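One structure below.
In the working numbering, the protein residues as written are 23 to 315.
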């Protein structure tokens with residue numbers, strides 16, 4: 023299954039899913055980051071709770087629905103009003119159907135709904151199956167949408183051709199909190215899904231966009247990894263730009279993928295940024311593919 027594959031990539035030594043839970047960190051009044059611990063539960067979630075209702079940003083994967091809802095119930099007994107999907111990947115959209123059955127409205131970029139309709143969603147054996155109607159976003163946007171909810175202005179902003187072709191970041195202005203979706207893998211080489219419409223250039227532009235919204239006090243919820251601040255985002259951007267430059271120069275010089283991999287031009291980034299899913303080699307291959315004609 024999809025979640026088992028990701029679990030093995032994140033935790034190659036195995037995990038005890040019976041101990042999975044979501045750690046909550048309150049970043050502002052009524053605004054929480056929910057981070058899965060004890061196993062790979064998917065990306066970090068955002069939770070806004072108040073008298074007008076509940077907004078959830080991303081919704082993990084079906085095997086962890088009960089643990090996710092239990093964590094949310096620690097902060098509210100209200101049903102979830104809206105779920106915002108930051109992008110199409112199943113570790114961020116996996117409980118759309120469950121939550122929509124409970125009354126939530128799924129909100130996402132136009133391309134997320136389009137991809138689900140065209141490509142389906144991962145089934146029990148990790149093959150793609152037609153998307154159930156309940157998994158589909160019912161409120162979609164092109165460039166963005168703004169929520170005025172629980173005394174917060176939450177700007178949902180589309181960033182084009184970045185991690186995928188349907189990414190959104192969410193900026194809570196009053197709280198000075200940004201949820202990046204997978205536009206930031208904090209302390210890790212990023213997964214840039216070229217097959218889902220992503221691009222290295224777009225990913226860099228998206229990180230630069232977030233930096234224009236942030237100041238030194240901004241708390242940043244990354245798609246994966248611990249809570250971040252502006253300096254961690256800047257470090258990720260600086261790393262990616264330098265890696266991209268090195269690979270682009272070699273591709274422009276006519277070197278083949280085999281030749282570039284043999285040189286291992288990103289070796290000095292390995293100890294800090296390499297991880298189970300996006301290894302130094304896979305990051306190199308992504309960058310080569312970005313620049314090859």
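Glycine included, each C-beta is placed from N, C-alpha and C at the ideal position.
Predicted, not measured: the structure shown is a model, and the values here were computed from it.
Same chain, Cβ closer than 7 Å to residue i, five either side skipped, listed in chain order
| i | result |
| --- | --- |
| residue 59 | 43, 45 |
| residue 248 | 208 |
| residue 122 | 128, 156 |
| residue 231 | 181 |
| residue 261 | 291, 295 |
| residue 270 | 313 |
| residue 87 | 117, 120 |
Exposed unless 16 or more other CB atoms sit within 10 angstroms - verdict on residue i
| i | result |
| --- | --- |
| residue 107 | buried |
| residue 96 | exposed |
| residue 255 | buried |
| residue 234 | exposed |
| residue 240 | buried |
| residue 135 | buried |
| residue 61 | buried |
| residue 89 | buried |
| residue 57 | buried |
| residue 190 | buried |
| residue 133 | buried |
| residue 150 | exposed |
| residue 69 | buried |
| residue 49 | buried |
| residue 250 | buried |
Under the three-state DSSP convention, the category residue i falls into
| i | result |
| --- | --- |
| residue 97 | coil |
| residue 253 | helix |
| residue 275 | coil |
| residue 45 | strand |
| residue 214 | coil |
| residue 158 | coil |
| residue 72 | strand |
| residue 308 | helix |
| residue 202 | coil |
| residue 189 | strand |
| residue 301 | coil |
| residue 182 | coil |
| residue 126 | coil |
| residue 53 | strand |
| residue 247 | coil |
| residue 261 | helix |
| residue 79 | strand |
| residue 153 | coil |
| residue 63 | coil |
Contact under 8 Å by Cβ, residue i with residue j
| i | j | result |
| --- | --- | --- |
| residue 131 | residue 203 | no |
| residue 188 | residue 178 | no |
| residue 244 | residue 118 | no |
| residue 291 | residue 265 | yes |
| residue 52 | residue 172 | yes |
| residue 308 | residue 288 | no |
| residue 220 | residue 183 | yes |
| residue 226 | residue 252 | no |
8 Å contact criterion, which residue i and residue j should meet: CB distance rounded
| i | j | result |
| --- | --- | --- |
| residue 242 | residue 210 | Contact flag wrong, Cβ pair sits at about 14 Å. |
| residue 316 | residue 159 | Nothing can be reported for residue 316: it is not among the residues displayed for the chain, which extend from 23 to 315. |
| residue 185 | residue 215 | 6 Å |
| residue 64 | residue 47 | Wrong, their Cβ atoms sit about 17 Å apart, outside the cutoff. |
| residue 93 | residue 143 | No, residue 93 and residue 143 are not in contact; Cβ-Cβ is about 23 Å, not under 8 Å. |
| residue 71 | residue 101 | About 11 Å separates the two Cβ atoms, so there is no contact after all. |
| residue 229 | residue 258 | 7 Å |
| residue 116 | residue 73 | Their Cβ separation, rounded to whole angstroms, is 29 Å, which puts residue 116 and residue 73 out of contact at 8 Å. |
Neighbourhood of residue i by C-beta distance below 6 Å, restricted to the same chain and skipping five residues each side
| i | result |
| --- | --- |
| residue 195 | 175 |
| residue 80 | 65, 67, 108, 114 |
| residue 320 | No statement about residue 320 is possible, as the shown extent of the chain runs from 23 to 315 and does not include it. |
| residue 169 | 176 |
| residue 305 | 211 |
| residue 153 | 138, 142, 143 |
| residue 103 | 75, 76 |
| residue 236 | 252 |
Own chain residues within Cβ distance below 8 Å of residue i, not counting five before or after
| i | result |
| --- | --- |
| residue 273 | 282, 310, 313, 314 |
| residue 224 | 181, 182, 183, 184 |
CB contact check: residue i to chain D, cutoff 8 Å
| i | result |
| --- | --- |
| residue 85 | The question asks about chain D, but that chain is absent: this structure has only one protein chain. |
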